[in-house]
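Asks:
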């Protein structure tokens, strides 16, 4: 009769090592699956994605307002205003582009169009902030009023969603 | 007197070098989303890094062995190699995020193109590290990093709610916002404070500076307790600033300029310039630490000759290692990946390997045969065990929380 070999029992360290490798593979699998789901979700704009975009624009508006306020009322660090303002403008334009280009629920057509319009207005204000010399911007009161208008419109859009 | 001066200098270096881009990103976001509610997570992470670093510094001074030397001797070859590979990958990613962070911060100072500033940051770091001695590197980035103290002044000028801040030191469920996001940021703050590369660098630094058990224990304790406590105070200031300024306005921090808004509004141009320079140097210091940590780890694991105190050409494998890590990090960040997002991934995944790097240090610190009179006393042992459990929980929870909360966006 042929001898059968009995497998050697694994040591504790080898078991730990194998468990860690398995856990790492599962974690990587999770991350890849989540990334894939996220990519799929990004192609369609539903009510929750539109609301998220509106909230992002609210955040950008607050930052833009603080930056403009600082720029007009104190001696500004011009490079900081331009670099930060450019980053904000890029983010606003990207949000507007995403809303414009991706498919969305027909019932949200009007809200989506209004959100894109508000985003374009915000982008124009940021463009003025980073390209115009401070003394050629509209007055501080006028800029405040424009930001206030944008904030009101975004709050109104958020309430409807 | 000379000893006191050495201790004071060490504290300043520890304070100035405490923060990196991960701390900046996570603490700003945590304050903006949850106000003062996550200050307890900072306290947990801070005590953890004090415990871990003090032990590793003491073990290095007594046994003349740094972290990866201990790992190589504690684990099997295969497990040690897995830990080494995991740590190296995290070091490279963290270094890439730091280089990107330097370029973003330089852009706020100069408004020059981002990719040009990446090249400037990369070359400047290589040149500085090549020509400066170890002590010089520590002191340059540590001292200029003290500009971050501006955050503390700005936070005080915003008149924080001290009652809410004290309340925030008590672990609790979130009273607002999504619970998954809340725990994701709690884990993120603990992980950002407990970054493993800081401990690899610290323990190897103890050997670079030839620490002796009798004369340098006080320096070790002063650096890790007082220095890190003050550094943690700066991180707390960032959370407080975000809570007071950004949260009421509904700002969701996504840019490196956002944490500086509080300094800008309270201290104007002078404060902004000071804090920007502090940010650049402290992140640059972190980039140096991550690349050196990777090189130390490789050299210690494979028993190569190593040390910044040696002539570069006399330790070729060690030198090539840190240069290679810098180049790899530079190439990664050159692809255009967002440094802020990269930082979040690097912080979360770094904590996954942490139990494997913590255990050998803790084990040796308790071993009377190796440590003699410098072995852990009851307090160090109790805290050591407590943090081993906390680190294991955090390392298991980090990635699932990141996925479930969609990186805290829920």
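Protein chains in written order, with this note's numbering: chain L, 1 to 161; chain Y, 1001 to 1410.
Ideal Cβ positions, reconstructed from N, Cα and C, are used throughout, including at glycine.
Could you pull out every residue in the same chain whose Cβ sits closer than 8 Å to the Cβ of residue 1114 (chain Y), ignoring the five residues on either side in sequence?
Replies: Numbered from its first residue, the second chain carries residue 1114 (chain Y) at position 114. 1103, 1104, 1107.
Asks: Under 8 Å between C-beta atoms, does residue 138 (chain L) make it to chain Y?
Replies: As a position in the first chain, residue 138 (chain L) is number 138, starting the count at 1. No - not a single Cβ of chain Y is within 8 Å of the one on residue 138 (chain L).
Asks: Are the CB atoms of residue 1330 (chain Y) and residue 1145 (chain Y) nearer to each other than 8 Å?
Replies: Here residue 1330 (chain Y) refers to the residue found at position 330 when the second chain is read from its first residue. Here residue 1145 (chain Y) refers to the residue found at position 145 when the second chain is read from its first residue. No. Outside cutoff.
Asks: Just to check my reading of the structure: residue 1293 (chain Y) and residue 1354 (chain Y) have Cβ atoms closer than 8 Å, yes? What is that Cβ distance to the nearest angstrom?
Replies: As a position in the second chain, residue 1293 (chain Y) is number 293, starting the count at 1. As a position in the second chain, residue 1354 (chain Y) is number 354, starting the count at 1. Their Cβ separation, rounded to whole angstroms, is 13 Å, which puts residue 1293 (chain Y) and residue 1354 (chain Y) out of contact at 8 Å.
Asks: Can you tell me which of Y:1094, Y:1042, Y:1004 puts its alpha carbon nearest to the alpha carbon of residue 1327 (chain Y)?
Replies: Locating residue 1327 (chain Y) in the second chain gives position 327, counting from the first residue. Checking every option, the nearest Cα to that of residue 1327 (chain Y) belongs to Y:1094.
Asks: Determine, using beta carbons only, whether residue 40 (chain L) comes closer than 8 Å to chain Y.
Replies: The residue labelled residue 40 (chain L) in the question sits at position 40 within the first chain. The predicted model places residue 40 (chain L) with a pLDDT of 49, which falls under 50 and marks its position as unreliable; any figure quoted below should be read in that light. Answer no: the Cβ-Cβ gap between residue 40 (chain L) and chain Y never drops below 8 Å.
Asks: Closer than 8 Å by C-beta to residue 1391 (chain Y): which residues in its own chain qualify, once you throw out the five before and the five after it? Chain order, please.
Replies: Indexing the second chain from 1 puts residue 1391 (chain Y) at position 391. Cβ within range, chain order: 1048, 1194, 1351, 1354, 1355, 1358.
Asks: Should the stretch 1013 to 1028 of chain Y be called in touch with the stretch 1087 to 1101 of chain Y, which here means at least 3 C-beta pairs below 8 Å?
Replies: The answer is yes - the stretch 1087 to 1101 of chain Y touches the stretch 1013 to 1028 of chain Y, with three or more Cβ pairs under 8 Å.
Asks: Please decide whether residue 150 (chain L) counts as near chain Y, where near means a Cβ-Cβ distance under 8 Å.
Replies: Here residue 150 (chain L) is taken as the residue at index 150 of the first chain, counted from 1. Not an interface residue.
Asks: What is the DSSP secondary structure of residue 104 (chain L), counted as helix, strand or coil?
Replies: Taking the first chain and counting its residues from 1, the one referred to as residue 104 (chain L) is at position 104. Reduced to three states, the DSSP call for residue 104 (chain L) is strand.
Asks: Which first and last residues belong to the alpha helix (DSSP H) in which residue 109 (chain L) is found?
Replies: Reading the first chain from its first residue, position 109 is the one you call residue 109 (chain L). From DSSP, the alpha helix (DSSP H) with residue 109 (chain L) extends over 109 to 131.
Asks: Using a Cβ-Cβ distance under 8 Å, would residue 72 (chain L) count as near chain Y?
Replies: The residue you call residue 72 (chain L) lines up with position 72 of the first chain. Answer no: the Cβ-Cβ gap between residue 72 (chain L) and chain Y never drops below 8 Å.
Asks: Compare the C-beta of residue 147 (chain L) with all C-beta atoms of chain Y and state if any pair is closer than 8 Å.
Replies: Start at 1 with the first residue of the first chain, and residue 147 (chain L) comes out as number 147. With 8 Å as the cut-off, residue 147 (chain L) does not count as an interface residue toward chain Y.
Asks: Thinking C-alpha only, which one of Y:1378, Y:1087, Y:1240, Y:1223 is nearest residue 1163 (chain Y)?
Replies: Position 163 of the second chain, counted from the start, is the residue given in the question as residue 1163 (chain Y). Closest by alpha carbon: Y:1240.
Asks: At which residues does the alpha helix (DSSP H) containing residue 1209 (chain Y) begin and terminate?
Replies: On the second chain, residue 1209 (chain Y) is found 209 positions in, with the first residue counted as 1. First-last for residue 1209 (chain Y): undefined, no H or E at that position.
Asks: Starting from the Cα of residue 141 (chain L), find the closest Cα among L:72, L:128, L:97 and give me that residue.
Replies: By one-based count along the first chain, residue 141 (chain L) stands at place 141. Checked all of L:72, L:128, L:97; the closest Cα to residue 141 (chain L) is L:72.
Asks: Any C-beta of chain L sitting closer than 8 Å to the C-beta of residue 1254 (chain Y)?
Replies: As a position in the second chain, residue 1254 (chain Y) is number 254, starting the count at 1. Yes, contact with chain L.
Asks: Whole angstroms are fine: how far does the CA of residue 87 (chain L) sit from the CA of residue 128 (chain L)?
Replies: Taking the first chain and counting its residues from 1, the one referred to as residue 128 (chain L) is at position 128. Taking the first chain and counting its residues from 1, the one referred to as residue 87 (chain L) is at position 87. Going by the C-alpha atoms only, they are around 14 Å apart.
Asks: Decide if residue 1302 (chain Y) is buried, meaning its Cβ has at least 16 other Cβ atoms within 10 Å, or exposed.
Replies: Indexing the second chain from 1 puts residue 1302 (chain Y) at position 302. Exposed.
Asks: Going along the chain, which residues of the stretch 48 to 75 of chain L sit with their C-beta nearer than 7 Å to a C-beta in chain Y?
Replies: Here the close residues are 56, 58, 59, 62, 63, 66, 70, 74, 75.
Asks: Compare the C-beta of residue 25 (chain L) against all C-beta atoms of chain Y and say whether one is closer than 8 Å.
Replies: As a position in the first chain, residue 25 (chain L) is number 25, starting the count at 1. False, the Cβ-Cβ gap to chain Y never drops below 8 Å.
Asks: Where does residue 1390 (chain Y) sit, in a helix, a strand or coil, going by DSSP?
Replies: Working through the second chain from its first residue, we reach residue 1390 (chain Y) at position 390. Correct three-state label for residue 1390 (chain Y): helix.
Asks: Can you tell me which of Y:1385, Y:1387, Y:1272, Y:1306 puts its alpha carbon nearest to the alpha carbon of residue 70 (chain L)?
Replies: Working through the first chain from its first residue, we reach residue 70 (chain L) at position 70. Comparing Cα-Cα distances from residue 70 (chain L) to each of Y:1385, Y:1387, Y:1272, Y:1306, the minimum goes to Y:1272.
Asks: Distance, Cα to Cα, residue 1338 (chain Y) vs residue 1332 (chain Y)?
Replies: Position 338 of the second chain, counting from 1, holds the residue named residue 1338 (chain Y). Position 332 of the second chain, counting from 1, holds the residue named residue 1332 (chain Y). Between residue 1338 (chain Y) and residue 1332 (chain Y), the C-alpha separation is close to 10 Å.
Asks: Would you call residue 143 (chain L) buried or exposed, if buried means 16 or more other Cβ atoms sit within 10 Å of its Cβ?
Replies: Within the first chain, numbered from 1, the residue matching residue 143 (chain L) stands at position 143. Classification of residue 143 (chain L): buried, given that the 10 Å Cβ count is 16 or more.
Asks: Assess, as a yes-or-no matter, whether the stretch 1077 to 1089 of chain Y is touched by the stretch 1274 to 1289 of chain Y under the definition of 3 or more beta carbon pairs within less than 8 Å.
Replies: Not touching, per the Cβ criterion.
Asks: Residues of chain L with a CB under 9 Å from the CB of residue 1384 (chain Y): which are they?
Replies: Translated into the one-based positions of the second chain, residue 1384 (chain Y) becomes position 384. Ordered by position in chain L, no residue passes the 9 Å Cβ test against residue 1384 (chain Y), which lies about 20 Å from the chain.
Asks: Using a beta-carbon distance below 8 Å, is residue 1395 (chain Y) in contact with chain L?
Replies: Position 395 of the second chain, counted from the start, is the residue given in the question as residue 1395 (chain Y). False, the Cβ-Cβ gap to chain L never drops below 8 Å.
Asks: For residue 1078 (chain Y), return the contacting residues in chain L, with the cut-off set at a CB-CB distance below 9 Å.
Replies: As a working mapping, residue 1078 (chain Y) is identified with position 78 in the second chain. Correct list: 13, 14, 17.
Asks: Following the continuous alpha helix (DSSP H) through residue 1049 (chain Y), name the residue where it begins and the one where it ends.
Replies: Here the question's residue 1049 (chain Y) lines up with position 49 in the second chain. Run containing residue 1049 (chain Y): 1039 to 1063, per the alpha helix (DSSP H) assignment.
Asks: Express the C-alpha separation of residue 1112 (chain Y) and residue 1408 (chain Y) in angstroms, rounding to a whole number.
Replies: Looking up residue 1408 (chain Y) in the second chain gives position 408. Looking up residue 1112 (chain Y) in the second chain gives position 112. So the alpha carbons of these two residues sit roughly 31 Å apart.
Asks: Over what stretch of residues does the alpha helix (DSSP H) that includes residue 1120 (chain Y) continue unbroken?
Replies: Here residue 1120 (chain Y) is taken as the residue at index 120 of the second chain, counted from 1. From DSSP, the alpha helix (DSSP H) with residue 1120 (chain Y) extends over 1114 to 1131.
Asks: I need the boundaries of the alpha helix (DSSP H) containing residue 1096 (chain Y), first residue and last residue.
Replies: Taking the second chain and counting its residues from 1, the one referred to as residue 1096 (chain Y) is at position 96. It spans 1077 to 1110 - the alpha helix (DSSP H) in which residue 1096 (chain Y) sits, taken as one unbroken run.
Asks: Check whether chain Y comes within 8 Å of residue 112 (chain L), counting only Cβ atoms and requiring the distance to be less than that.
Replies: Counting from 1 along the first chain, the entry for residue 112 (chain L) is found at position 112. No, no contact with chain Y.
Asks: Does any CB atom of chain L fall closer than 8 Å to the CB of residue 1110 (chain Y)?
Replies: Counting from one through the second chain, the residue named residue 1110 (chain Y) turns up at place 110. Yes, its Cβ sits closer than 8 Å to a Cβ of chain L.
Asks: Give a yes or no on whether 8 Å exceeds the smallest Cβ distance from residue 20 (chain L) to chain Y.
Replies: Translated into the one-based positions of the first chain, residue 20 (chain L) becomes position 20. So, interface residue.
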